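Those protein sequence lines, which keep their order, are chains G and P.
For the first sequence, the working numbering begins at 188 and goes up steadily by one.
For the second sequence, the working numbering begins at 26 and goes up steadily by one.
We put the beta carbon where it would ideally sit given N, CA and C, even for glycine.
Given the structure is predicted, the values throughout are model-derived calculations rather than measurements.
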Amino acid sequence: MLLNIEKLKIEARGEEGWTPILHGVDLQVAKGEVVGLIGESGAGKSTLGLAALGFAQGGLRFAGGRVIFDGTDLLQLPERQRRAFRGRRVAYVAQSAAASFNPAWRLLDQFCEGPAIHHTAGRAESEAFARQLYAAMHLPDPENFGLRFPHQVSGGQLQRAMVAMAMACKPDLIVFDEPTTALDVTTQIGVLAAIRQAVETTGTAAIYITHDLAVVAQMADRIKVMRHGREVEDAPTRRMIEAPAQDYTRSLWAVREFRRPPRALPQASAPTISIRGVTAGYSALDVLSEVSFDIPRGATVAVVGESGSGKSTTARAITGLLPPRAGHVALNGTPLPPRLAQRTLEQKRAVQMIYQMADTALNPRQTIRQILSRPLQFYLGLTGRARETRLNELMEQIELEPARFLDRLPGELSGGQKQRIGIARALAADPEFIICDEVTSALDQLVAEGILRLLSKVQDETGVSYMFITHDIATVRAIADEVVVMKGGRVMDKGLRSEVLDPPRHAYTRELLASVPQMDPDWLTRRIAEGAA
Amino acid sequence: MSAAEARRRPILRMIAGRLGIGVFTLFVISVLIFLAVSLLPGDIAQQVLGQSATPETVAAFRRELGLDQPLAWRYLDWVGGVLSGDFGRSLANGRPVADLLAARLGNTMFLAAYAAVIAVPLAVGLGLLAALWRGSWFDRIANVATLSAISFPEFFIAYILMFWLSVRMGWFPSIADPGASPRLAEMLGRAFLPAITLVLVVTAHMMRMTRAAVVNVLGAPYVTMARLKGVSRWRVVTRHALPNALAPIVNVVALNVAWLITGVVIVEVVFVYPGLGQLMVDSVTNRDIPVVQACALIFAAVYILLNLLADVLAIATNPRLLHPR
Numbered sequence: 188m189l190l191n192i193e194k195l196k197i198e199a200r201g202e203e204g205w206t207p208i209l210h211g212v213d214l215q216v217a218k219g220e221v222v223g224l225i226g227e228s229g230a231g232k233s234t235l236g237l238a239a240l241g242f243a244q245g246g247l248r249f250a251g252g253r254v255i256f257d258g259t260d261l262l263q264l265p266e267r268q269r270r271a272f273r274g275r276r277v278a279y280v281a282q283s284a285a286a287s288f289n290p291a292w293r294l295l296d297q298f299c300e301g302p303a304i305h306h307t308a309g310r311a312e313s314e315a316f317a318r319q320l321y322a323a324m325h326l327p328d329p330e331n332f333g334l335r336f337p338h339q340v341s342g343g344q345l346q347r348a349m350v351a352m353a354m355a356c357k358p359d360l361i362v363f364d365e366p367t368t369a370l371d372v373t374t375q376i377g378v379l380a381a382i383r384q385a386v387e388t389t390g391t392a393a394i395y396i397t398h399d400l401a402v403v404a405q406m407a408d409r410i411k412v413m414r415h416g417r418e419v420e421d422a423p424t425r426r427m428i429e430a431p432a433q434d435y436t437r438s439l440w441a442v443r444e445f446r447r448p449p450r451a452l453p454q455a456s457a458p459t460i461s462i463r464g465v466t467a468g469y470s471a472l473d474v475l476s477e478v479s480f481d482i483p484r485g486a487t488v489a490v491v492g493e494s495g496s497g498k499s500t501t502a503r504a505i506t507g508l509l510p511p512r513a514g515h516v517a518l519n520g521t522p523l524p525p526r527l528a529q530r531t532l533e534q535k536r537a538v539q540m541i542y543q544m545a546d547t548a549l550n551p552r553q554t555i556r557q558i559l560s561r562p563l564q565f566y567l568g569l570t571g572r573a574r575e576t577r578l579n580e581l582m583e584q585i586e587l588e589p590a591r592f593l594d595r596l597p598g599e600l601s602g603g604q605k606q607r608i609g610i611a612r613a614l615a616a617d618p619e620f621i622i623c624d625e626v627t628s629a630l631d632q633l634v635a636e637g638i639l640r641l642l643s644k645v646q647d648e649t650g651v652s653y654m655f656i657t658h659d660i661a662t663v664r665a666i667a668d669e670v671v672v673m674k675g676g677r678v679m680d681k682g683l684r685s686e687v688l689d690p691p692r693h694a695y696t697r698e699l700l701a702s703v704p705q706m707d708p709d710w711l712t713r714r715i716a717e718g719a720a
Numbered sequence: 026m027s028a029a030e031a032r033r034r035p036i037l038r039m040i041a042g043r044l045g046i047g048v049f050t051l052f053v054i055s056v057l058i059f060l061a062v063s064l065l066p067g068d069i070a071q072q073v074l075g076q077s078a079t080p081e082t083v084a085a086f087r088r089e090l091g092l093d094q095p096l097a098w099r100y101l102d103w104v105g106g107v108l109s110g111d112f113g114r115s116l117a118n119g120r121p122v123a124d125l126l127a128a129r130l131g132n133t134m135f136l137a138a139y140a141a142v143i144a145v146p147l148a149v150g151l152g153l154l155a156a157l158w159r160g161s162w163f164d165r166i167a168n169v170a171t172l173s174a175i176s177f178p179e180f181f182i183a184y185i186l187m188f189w190l191s192v193r194m195g196w197f198p199s200i201a202d203p204g205a206s207p208r209l210a211e212m213l214g215r216a217f218l219p220a221i222t223l224v225l226v227v228t229a230h231m232m233r234m235t236r237a238a239v240v241n242v243l244g245a246p247y248v249t250m251a252r253l254k255g256v257s258r259w260r261v262v263t264r265h266a267l268p269n270a271l272a273p274i275v276n277v278v279a280l281n282v283a284w285l286i287t288g289v290v291i292v293e294v295v296f297v298y299p300g301l302g303q304l305m306v307d308s309v310t311n312r313d314i315p316v317v318q319a320c321a322l323i324f325a326a327v328y329i330l331l332n333l334l335a336d337v338l339a340i341a342t343n344p345r346l347l348h349p350r
């Protein structure tokens, strides 16, 4: 056994002393084996993964158990000797390569640092190895790729460069901590293929951490499901997919099956929002070219595409943050002034927004009451008792108990609860149209599903229209009435969901759908064989 | 620099922009200095010649100084002279101001460089160690010690040092005049006490900024990543964190070095050190206007130049600007 973690306990420093977050977890990894770790956030996956390097993040401490790597208990070693294992025998690939590469260093220098401090290879030798790996990972211009700085490289390329860096010292075990979560599907498939290939050719063992079941099904020989710092279930991949033993595991599987029931859209003379020939961009560059589509009253229009396709820029043009160079946006048939500053209070009220990161979109020093009162007062002039009544209604609407939550700070709420507050803040203005910008992509699947159900319910109750920006096809299938597919700032296809997606009408839509990982463990193998990655 | 080139190298454009702003600021300051000095109460010619002078002599002297000319004309005359290296003549002794300044400026620069060469590495080093061992005894002691040093008035520190190291021990002279000796070692010995006084005053600020900037970066994911690659903590601080924390550090260092050149009047007076600050104080007392103006302009130029340098260095440490896509 290469790695044998036994009854590992890890505690976190809290206000009332140390509280356990891993309650005696076991994990075995054999030489050359890939073990998948899945579970929602807070399950302790990353903490367990980092423990394989004998590392506990700030504010955490090892409180019991053993981490035996190749016969040595890492927890018994002083820090200096643990360092000899890190990078050399056990390497780590982080979720966000953009944040995990040092912005001040060239990629090649970061690659060569490991071999240099562990004395596994000379500079020339490790440079040659880097070029070899860059080529194997299909990075552009592998000879000179390493001379670039992190900001000069795209997200998918950077993630592959990080996989290459992890292999610099030819480690026995690599911990992949959500390596593709931040990527869109078309980029993700390339990175998955690169990881698969790296693991297969070198025979290194791996721990693959993710919350995406379909992804882990492609990568792992064995899957361990975790929840609240405990193991739920551990089984070989195929058996786990076909016959999960635990209810919790089955509930994870079920999430992907949420479908909004079909319904009739209300009749209206003009669409709520109508975008006509909008061209917009920053400095000299056009990010959007002649984008046109409508958002009918009471409908949910999903805008899909990879990052850089212009989804969020479209949102900025609609809200008036980025005035278009050509074309216009109309609300209920009346053109809106291009700049936010020129719009009337009523026009601003009608268009609201919900953000991807509820964490950063809510002021951490204001209570929920203050956060929600502001739009009530600003747009509707509600004060005193009337405002209090409306606050309670809003909280009921987002299914959070007013008495319990109104006087809390955002920091005291979970991710899903924060996103609900984000929804309530948008609803407080009594809008006709809400832009939902990747509102579920930072959330776990179970929580995300709750948010989707809530948004559907709110739409049924209020008749508000949504523009739903996402790169997740499952979300589109769950909630959208109409779909707009974007790429490179242009609309590739648009229409009813069934027309656009089932079967995919446009070639790019086909590519997008084919890149979405399937639960079938052979999916990636097939896609690689088809030459997709 | 062509427009296309500027687009490719945003850093060149930014540096050019900063230089332009610097020159403009210097122009504004020269106007302010000139106006401030002109608005001083009393007639300069009268003051210089004394109460006994006849109105004719005063008028003649005013003509000689150009005081009968309009304000704008006098300003242009002065600036034109400065641009061609002519700062005018001292009213007190008739010598060219440039000559007076040259010797004093050299002394001031020597003292500032002396103090900076000790203080900057010391402060940055202490700051890095404090960041490495943050929360430890070293961190606390370094903080308390440097804060105490900055909390005492500088003349107090100066007199304490003078009392112990000069009067009691007799190691260093208490009157620091470096000009007399041509040998560097002797110059360093003579200027030691004022230099150390200045070091004690400027270290705390730079050290605390270094510590804060580095600690701020130590929370970044790439620092965790470096540790997971097996990098030692000292190397993490110096090689991974410091390059990303340079911008605020460089700015504070520049401000402190500028202060070492322009703000050391008190220390110069205590040690009777013949620097620019003392010259300026003397000239103000003597109403030696050309010298006051020249000193003020040099001080302003030093501030602007050092801050410009800090800005450029801060930009140059940002790889996004240095190596655009």
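Quiz item: With 9 angstroms set as the bound, which would you pick, yes or no: does the beta-carbon of I192 of chain G sit closer than that to a beta-carbon of chain P?
Solution: Locating residue 192 of chain G in the first sequence gives position 5, counting from the first residue. Chain P, which has no Cβ nearer than 9 angstroms to the Cβ of I192 of chain G, makes this no.
Quiz item: So is F242 of chain G in contact with chain P if we call contact Cβ pairs under 9 angstroms?
Solution: Here residue 242 of chain G corresponds to residue number 55 of the first sequence, with the count starting at 1. Output row for F242 of chain G: interface = yes.
Quiz item: Just checking my contact of L578 of chain G with R556 of chain G at CB under 8 angstroms: how many whole Å lie between their CB atoms?
Solution: If you number the first sequence from 1, residue 578 of chain G lands on position 391. If you number the first sequence from 1, residue 556 of chain G lands on position 369. Correct: roughly 7 angstroms between the Cβ atoms.
Quiz item: Counting only beta-carbon atoms, is N331 of chain G nearer than 9 angstroms to chain P?
Solution: Sequence index remark: in the first sequence, residue 331 of chain G carries index 144 (1-based). Answer no: the Cβ-Cβ gap between N331 of chain G and chain P never drops below 9 angstroms.
Quiz item: With distances taken between CB atoms, is the gap from I622 of chain G to T506 of chain G smaller than 9 angstroms?
Solution: Residue 622 of chain G sits at position 435 when you count from the first residue of the first sequence. Residue 506 of chain G sits at position 319 when you count from the first residue of the first sequence. Going by C-beta atoms, I622 of chain G is nearer than 9 angstroms to T506 of chain G.
Self-check item: Uninterrupted alpha helix (DSSP H) stretches inside the stretch 611 to 667 of chain G (no shorter than 4 residues)
Solution: 632 to 649 and 660 to 666
Quiz item: What are the start and end residues of the beta strand (DSSP E) that includes V474 of chain G?
Solution: Residue mapping note: residue 474 of chain G aligns to position 287 of the first sequence, counting from 1. Run containing V474 of chain G: L472 to I482, per the beta strand (DSSP E) assignment.
Quiz item: Taking Cβ positions, are M654 of chain G and V490 of chain G nearer each other than 9 angstroms?
Solution: Working through the first sequence from its first residue, we reach residue 654 of chain G at position 467. Working through the first sequence from its first residue, we reach residue 490 of chain G at position 303. Judged by their CB atoms, M654 of chain G and V490 of chain G are nearer to each other than the 9 angstroms cut-off.
Quiz item: What residue range is occupied by the uninterrupted beta strand (DSSP E) comprising R677 of chain G?
Solution: Against the first sequence, residue 677 of chain G aligns to sequence position 490. From DSSP, the beta strand (DSSP E) with R677 of chain G extends over R677 to L683.
Quiz item: Does the separation of the CB atoms of L353 of chain G and A278 of chain G fall below 9 angstroms?
Solution: To locate residue 353 of chain G, count along the first sequence from 1; it is residue 166. To locate residue 278 of chain G, count along the first sequence from 1; it is residue 91. For the sequence presented, residue 353 of chain G should be read as Ala rather than Leu. Against a cut-off of 9 angstroms, the Cβ pair of A278 of chain G and A353 of chain G comes out as a contact.
Self-check item: Distance between P273 of chain P and L92 of chain P (C-alpha atoms, nearest Å)
Solution: On the second sequence, residue 92 of chain P is found 67 positions in, with the first residue counted as 1. On the second sequence, residue 273 of chain P is found 248 positions in, with the first residue counted as 1. Those two C-alpha atoms are separated by around 46 angstroms.
Quiz item: Closest Cβ-Cβ distance between G343 of chain G and chain P: below 9 angstroms?
Solution: Here the question's residue 343 of chain G lines up with position 156 in the first sequence. No, G343 of chain G does not count as interfacial toward chain P.
Quiz item: Which whole runs of the beta strand (DSSP E) in the stretch 495 to 576 of chain G are 3 residues long or more, in chain order?
Solution: 513 to 518 and 538 to 541
Self-check item: Partners in chain P for Q215 of chain G, counting only beta-carbon separations shorter than 7 angstroms
Solution: If you number the first sequence from 1, residue 215 of chain G lands on position 28. Against chain P, a Cβ distance below 7 angstroms from Q215 of chain G picks out nothing, because the smallest value is about 22 angstroms.
Practice problem: Counting only the same chain and skipping the five closest in sequence on each side, list residues whose C-beta sits under 8 angstroms from that of R293 of chain G. | Solution: Position 106 of the first sequence, counting from 1, holds the residue named residue 293 of chain G. G333, L334, R335 and F336, listed in sequence order.
Self-check item: Residues of the stretch 291 to 319 of chain G whose Cβ lies closer than 7 angstroms to any Cβ of chain P, in chain order
Solution: Close to chain P, meaning a Cβ-Cβ distance shorter than 7 angstroms, are the following residues of the stretch 291 to 319 of chain G: A291, E300, G301, I304 and H305.
Practice problem: Report all residues from its chain with a CB closer than 7 angstroms to the CB of I428 of chain G; omit the five preceding and five following residues, and keep chain order. | Solution: Indexing the first sequence from 1 puts residue 428 of chain G at position 241. Result list for I428 of chain G: A404, M706 and P708, in chain order.
Quiz item: Are the stretch 207 to 215 of chain G and the stretch 407 to 423 of chain G touching by the rule of at least three beta carbon pairs closer than 8 angstroms?
Solution: yes
Self-check item: Contact belief for M231 of chain P with A144 of chain P at Cβ below 8 angstroms, rounded distance in angstroms
Solution: As a first step, residue 231 of chain P must be located in the second sequence, where it is residue number 206. As a first step, residue 144 of chain P must be located in the second sequence, where it is residue number 119. That belief holds up - the Cβ atoms of M231 of chain P and A144 of chain P are roughly 7 angstroms apart, short of 8 angstroms.
Self-check item: Contact set between G255 of chain P and chain G, taken where Cβ atoms lie within less than 8 angstroms
Solution: The sequence position of residue 255 of chain P within the second sequence is 230, counting from 1. Correct list: R270, A271, F272, R273, G274, R275, G301, I304 and H305.
Quiz item: Which whole-angstrom value describes the C-beta separation of L51 of chain P and I329 of chain P, a residue pair presumed to lie in contact below a C-beta threshold of 8 angstroms?
Solution: The count along the second sequence starts at 1 and reaches residue 51 of chain P at position 26. The count along the second sequence starts at 1 and reaches residue 329 of chain P at position 304. Rounded, the Cβ-Cβ distance is 6 angstroms, consistent with contact.
Quiz item: Going along the chain, which residues of the stretch 166 to 186 of chain P sit with their C-beta nearer than 9 angstroms to a C-beta in chain G?
Solution: From the stretch 166 to 186 of chain P, no residue has a Cβ closer than 9 angstroms to chain G.
Self-check item: Touching by the beta-carbon criterion (3+ pairs, under 8 angstroms), the stretch 288 to 301 of chain P and the stretch 181 to 190 of chain P
Solution: yes
Self-check item: Distance between T657 of chain G and Y469 of chain G (C-alpha atoms, nearest Å)
Solution: Counting from one through the first sequence, the residue named residue 469 of chain G turns up at place 282. Counting from one through the first sequence, the residue named residue 657 of chain G turns up at place 470. Computed Cα separation, rounded: 22 angstroms.
Practice problem: List in chain order: all unbroken alpha helix (DSSP H) runs of 4+ residues lying wholly within the stretch 124 to 181 of chain P. | Solution: 162 to 176
Quiz prompt | Cutoff 9 angstroms: T342 of chain P Cβ touching any chain G Cβ | solution = Locating residue 342 of chain P in the second sequence gives position 317, where the first residue counts as 1. Closer than 9 angstroms: yes.
Quiz item: DSSP three-state call for S27 of chain P: helix, strand or coil?
Solution: As a working note, residue 27 of chain P is residue 2 in the second sequence. In this prediction, S27 of chain P has a pLDDT of 47, which is less than 50 and means its spatial position is unreliable; nothing more can be read from the coordinates.
Quiz prompt | W440 of chain G versus I376 of chain G - alpha carbon distance | solution = Reading the first sequence from its first residue, position 253 is the one you call residue 440 of chain G. Reading the first sequence from its first residue, position 189 is the one you call residue 376 of chain G. Cα-Cα distance, rounded: 21 angstroms.
Quiz prompt | Contact list for the stretch 256 to 271 of chain P against chain G, Cβ threshold 7 angstroms | solution = V256, S257, H265, P268 and N269
Quiz item: Going straight from the alpha carbon of L108 of chain P to that of L116 of chain P, what length do you get?
Solution: For the purposes of this step, residue 108 of chain P is identified with residue 83 of the second sequence, where counting begins at 1. For the purposes of this step, residue 116 of chain P is identified with residue 91 of the second sequence, where counting begins at 1. C-alpha separation (whole angstroms): 20 angstroms.
Quiz prompt | Among G:T206, G:E220 and G:W205, the one whose alpha carbon lies nearest that of T388 of chain G | solution = If you number the first sequence from 1, residue 388 of chain G lands on position 201. For the residues G:T206, G:E220 and G:W205, the minimum Cα distance to T388 of chain G belongs to G:E220.
Quiz item: If you drop the 5 nearest sequence neighbours on each side, which residues of the same chain put their C-beta closer than 7 angstroms to that of L157 of chain P?
Solution: Residue numbering aside, residue 157 of chain P sits at position 132 when the second sequence is read from its first letter. The residues are R258, W259 and V262.
Quiz prompt | chain G within 9 angstroms of A245 of chain P, Cβ atoms only | solution = On the second sequence, residue 245 of chain P is found 220 positions in, with the first residue counted as 1. True, the Cβ-Cβ gap to chain G drops below 9 angstroms.
Self-check item: V278 of chain P versus P:V316, P:V295, P:L333 and P:S308, residue with shortest Cα-Cα distance
Solution: Within the second sequence, residue 278 of chain P is the residue found at index 253, counting from 1. The option with the nearest alpha carbon to V278 of chain P is P:L333.
Practice problem: Would you mind sorting G241 of chain G into buried or exposed? The rule is 16 or more other CB atoms within 10 Å of its CB. | Solution: The residue given as residue 241 of chain G occupies position 54 in the first sequence. That one is buried.
Practice problem: Determine the closest residue to Y321 of chain G out of G:Q339, G:E300 and G:L295, with distance taken between C-alpha atoms. | Solution: Translated into the one-based positions of the first sequence, residue 321 of chain G becomes position 134. Ranking G:Q339, G:E300 and G:L295 by Cα distance to Y321 of chain G puts G:L295 first.
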